[in-house]
Structure formats: C-alpha cells, structure tokens
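**Q**
Chains as they are written, first to last, in the working numbering: chain L, 1071 to 1220; chain X, 46 to 193.
1) Would you check if the distance between the CB atom of residue 88(X) and the CB atom of residue 151(X) is smaller than 8 Å?
2) With distance defined between alpha-carbon atoms, name the residue in 95(X), 50(X), 55(X) nearest to residue 169(X).
3) From the DSSP output, which residues share a beta bridge with residue 102(X)?
4) Which complete beta strand (DSSP E) runs does the stretch 1105 to 1157 of chain L hold, if anything under 3 residues is left out?
5) Whose C-beta lies closer than 7 Å to the C-beta of residue 178(X) among residues of the same chain, with five residues either side of it excluded?
6) So residue 110(X) and residue 1150(L) are supposed to be a Cβ contact under 8 Å. How far apart are they, rounded?
7) Could you check whether residue 127(X) and residue 163(X) sit closer than 8 Å to each other, using their CB atoms as the reference points?
8) Expressed to the nearest angstrom, what Euclidean distance is found between the alpha-carbon atoms of residue 1193(L) and residue 1102(L)?
9) Check each candidate in 146(X), 67(X), 71(X) and name the one with the smallest Cα separation from residue 122(X).
10) Can you pull the chain B residues whose beta carbon is under 8 Å from the beta carbon of residue 119(X), in chain order?
11) With 7 Å as the C-beta to C-beta threshold (strictly closer), list the residues of the stretch 87 to 105 of chain X near chain L in chain order.
12) Quick one: is residue 1112(L) buried, meaning 16 or more other Cβ sit within 10 Å of its Cβ, or exposed?
13) Give the residues of chain L in contact with residue 185(X), contact being defined as C-beta atoms less than 8 Å apart.
14) Cβ of residue 1166(L) less than 8 Å from any chain X Cβ?
15) Can you have a look at residue 52(X) and say buried or exposed, based on whether 16 or more other CB atoms are within 10 angstroms of its CB?
16) Please name the residue in 70(X), 74(X), 82(X) whose C-alpha comes closest to that of residue 47(X).
17) From the DSSP output, in three-state form, read off residue 75(X) for me.
18) Below 8 Å between beta carbons: does that hold for residue 125(X) and residue 98(X)?
19) Which of the three DSSP states is assigned to residue 146(X) in this structure?
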C-alpha cells in the first residue's frame, strides 16, 4: 500500500511530464497538440491534485497543527494554487494567440513556481501526513481515483 | 510610514492587500509595484519580465513576473488596464525591487479601462495597513533592510 507521500510525489512527476509534453509540442509549433496537453494538465492539476490537497490534505494538516486554518504553510500553499490558476489561464491564452515568446516566459515562471511549491509540499506536508495517517494511504488512493473519474 | 515586523507600509499608497501597491498619478494613470513584505518573501530577485507598453490586461492578469532563486510569482493588476510605461531599470536590474520597492523600483504604469471601477479591489489608509499586517502574520514574514 502506497503512502500519501508516495502517491502525491508520483502525481507531481506525472503532472510535470504532462506540462513538459505540452511545452515540447509548442516548441515544435504543434499548437493544437500543445493546447490539448495543456488543457489536460490544467484539468488534472486543478480538478484533481489541488482539489485533493485543499479538500483533504490541508484540513488534515491544519487539524493536526491545532486547527489553525491560517497556518503559514497551508496559507502559502493555497496562495501558490491561486497564483498558478491565473498563470495556467495566461499560458492557454498565449497558445490561442500563437505567441511562442509569451508562452515560454510563462512556462519558465510556472516551472519555477512548481519547483519550489512542490518541494515545500514534498518536504513539509506529505511526510508529515504520511506519518500522522500511516493507515490512510488506501482510503486516500480511492478518494483520488474518485476525483479523477469526475 | 507604518512599519510592522520591519516591513515598511506607506499609508498614502493603495494596495491589493496581497503583493501589489498602487499610486494614482495626476494624468489618471496608476503606478504599480510590489510591497516591502512581498519582496522580502520573494528573496533576492534575479529575473523580471514586464509586459510591453500597449499590452491590455484584464483584471487579475499579470503585468510582470518575478523570479528569485527560491521563489517565482506574478504581479497582478487589480483592474483592467493598458500598460503605458514599464520600468526598464528594473528589467536591467531586478534586484532593485529588494532595495527600493516603493520608489525607484516601480514596475509599470497602467491606464485603467474604467476609472470608476479602479477602487473596487484596492484599499488605502488604516484599513489597508491592518490587512497588510495580517498578510505579514499569515505568511510569517520578517523584513530586514537591504543595503544593496
């Protein structure tokens, strides 16, 4: 049975690969393919990955930390999610406008944000939750799968 | 000038209560920059991209993106606007933002689409300062003056 840590790290890798595939398509001026891959990435990260974090993981972490919904860690991570949503929209707009320079600039920023954001989650959030809820990996996997089916 | 946890918070500016400060100019345009606590949270800024003059931005879109070794993020506009000017000096030396966030390191000047709606999403005075203090607490920021 996989831990929360392993499941979420694996999802980061899957999402990074999806974003890289979209970027590669844009680099090759395959705009439609790039747009499709970016839309898939956007859906998976917002509707699945971030949704799981904000509905399950952050509240669980905050409850363990004394019920503080304004905990600095989860506040920072929620803010990261909010900022990323705007960047994803801007990337989609750059593709629609066939603006390679704009897309590449946004991609660089988004990858930099994801690098630090994901590292924070992987070092501070997921290990903490895996330790706090060692038996919950299976239930968590099922919840993730249910969201993916939506 | 208010100060909280070492962070400077000028009372005469307007704020989006997140990263951004704004100053109204006599010609109806607004100058935009990032706050002292925001530049502190970002760390030493090494890279900046600012939208070109003439670009139109919808509410919430980024007029600039900034990157440091440990952080990256955008500078959103709190109202739909056109970019009228951008600070070329900040493009050349993004670290200026860490040194003079409210003065020399302004980022862009924008012309709002609808001047009547500008104040919808920005605050000033004591209300803004209290909200920014809460922001500083939320993200656990401690500002230190940078010598350059």
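Glycine residues also receive a C-beta, built at the ideal position from the N, C-alpha and C atoms. Just so it is clear, the structure is predicted and the values come from calculations on it, not from any experiment.
**A** On the basis of the data shown:
1) no
2) 55(X)
3) 126(X)
4) No beta strand (DSSP E) of 3 residues or more sits fully in the stretch 1105 to 1157 of chain L.
5) 49
6) Contact doesn't hold; Cβ gap of about 14 Å is too wide.
7) Result no, Cβ atoms of residue 163(X) and residue 127(X) do not sit closer than 8 Å.
8) 36 Å
9) 67(X)
10) Included in the structure are the protein chains L and X, with no chain B among them.
11) 94, 105
12) buried
13) Per Cβ cutoff of 8 Å: 1142.
14) no
15) buried
16) 82(X)
17) strand
18) In this structure, residue 98(X) does not lie closer than 8 Å to residue 125(X) by Cβ.
19) coil
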